[in-house]
Amino acid sequence: MTKKQRKRFILCLVLAMAFGIAPHANAMHIMEGYLPLGFCVAWGIISLPFLMSGFFSIQKKLRQNRKNITMLAMSGAFIFVISSLKIPSVTGSCSHMTGTGLGAILFGPGAVSILGIIVLIFQAVLLAHGGLTSLGANTFSMAIAGPFLAYGVYRLCKKCRVNRRIAVFLAAALGDLFTYCVTSFQLAIAYPSESGILMSAVKFLGVFAPTQLPLAIVEGCLTVVLMITLENYAQPELKNAGYLENR
Numbered sequence: 002m003t004k005k006q007r008k009r010f011i012l013c014l015v016l017a018m019a020f021g022i023a024p025h026a027n028a029m030h031i032m033e034g035y036l037p038l039g040f041c042v043a044w045g046i047i048s049l050p051f052l053m054s055g056f057f058s059i060q061k062k063l064r065q066n067r068k069n070i071t072m073l074a075m076s077g078a079f080i081f082v083i084s085s086l087k088i089p090s091v092t093g094s095c096s097h098m099t100g101t102g103l104g105a106i107l108f109g110p111g112a113v114s115i116l117g118i119i120v121l122i123f124q125a126v127l128l129a130h131g132g133l134t135s136l137g138a139n140t141f142s143m144a145i146a147g148p149f150l151a152y153g154v155y156r157l158c159k160k161c162r163v164n165r166r167i168a169v170f171l172a173a174a175l176g177d178l179f180t181y182c183v184t185s186f187q188l189a190i191a192y193p194s195e196s197g198i199l200m201s202a203v204k205f206l207g208v209f210a211p212t213q214l215p216l217a218i219v220e221g222c223l224t225v226v227l228m229i230t231l232e233n234y235a236q237p238e239l240k241n242a243g244y245l246e247n248r
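When you read off a place in the sequence shown, starting at 1, and then add 1, the result is the number in the working numbering.
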């Protein structure tokens, strides 16, 4: 990527970030104070081993090639921008894309757990999007569960020799949807209905499905478009990350 192309790319990210920031956010991240304290602590403890593994994963990537920091930063910026764009849902809450599939494909799910928690902290503090008490639960759903599924789908498609762009689309879209499935179960466990946790989860899923299904498709398409752009203008960086190693 030339200096001129890098400047244009950064300008596009800054403009997208400016449009994505809003003074008030009533978004799908579990909001501040919504989960009981015990659940907040439990999800934080569950997320901790994944975060530690992600920290060492990023260290390893940077030791292999310091230039990977550019793509890592880009992946983090993509998560921040795309997950800050909120669309009203049918109940007055909001749905949004996650953006974690890109980083999972390039660097694996471990690295994305660190990128994800950084984004969630900034959104909670600066945008009132999510919360600090619910940080563990939001980290597990968006920065751990979704990226792990996205990475698994991409690796499976690669092993089955599925077209690379179709694999990227499926990984990003299904990773997005799985994030919301996990969030729905988190809410259902905390607030089960009289019919049980499963029925409560179904109700939560029904709330977000009308907006999240099309958003997942949009996220898959955006991730493919970004990958095509990177393949055209940032092939050395993609090779450093291992994305083009067997092409």
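The beta carbon of each residue, even a glycine, is placed where N, CA and C say it ideally should be.
Q | 7 Å CB neighbourhood of G147 in its chain, flanking five on each side removed | A | T99, T101, G176, D177, F179, T180
Q.
My output table needs one value for G197: the three-state DSSP class, helix, strand or coil.
A. strand
**Q.** Of the listed residues G117, A112, S96, Y192, nearest to V208 (C-alpha basis)
**A.** S96
Q) Between A105 and A151, is the Cβ-Cβ spacing less than 8 Å? A) yes
(Q) Determine whether the beta carbon atoms of A202 and S185 lie at a separation below 8 Å. (A) yes
Q: State the DSSP-derived secondary structure class of A28, mapped to helix, strand or coil.
A: Since pLDDT at A28 reaches only 44, below the 50 mark, its modelled position is unreliable, and no value is offered.
Q. Could you give the distance in angstroms between the alpha-carbon of E33 and the alpha-carbon of F81?
A. 19 Å
Q) M143 to S84, Cα distance in whole Å? A) 10 Å
Q: Could you tell me whether the Cβ atoms of Y155 and A172 are closer together than 8 Å?
A: yes
(Q) Using the three-state DSSP reduction, which class does A217 fall into: helix, strand or coil? (A) helix
**Q.** Length of the line joining the Cα atoms of L133 and I122
**A.** 7 Å
Q. Going by beta carbon distance, what residues of the same chain come within less than 6 Å of L103, once the five residues before and after it are set aside?
A. S76, F79, T224
Q: Just tell me which of C41, P193, F108 has its CA closest to the CA of L245.
A: F108
Q) Between the beta-carbon of A125 and the beta-carbon of G131, is there less than 8 Å? A) yes
Q) When DSSP labels each residue in this structure, what does V163 get in the three-state scheme? A) coil
Q. Hey, quick one: how far does the alpha helix (DSSP H) through L63 stretch, first residue to last?
A. 38 to 65
Q. From which residue to which residue does the alpha helix (DSSP H) around F123 run?
A. 110 to 127
Q: Determine the burial state of G221: buried for a count of at least 16 other Cβ atoms within 10 Å of its Cβ, exposed for fewer.
A: buried
Q. With distances taken from CA atoms, which of Q236, T212, A112, T140 is nearest W44?
A. T140
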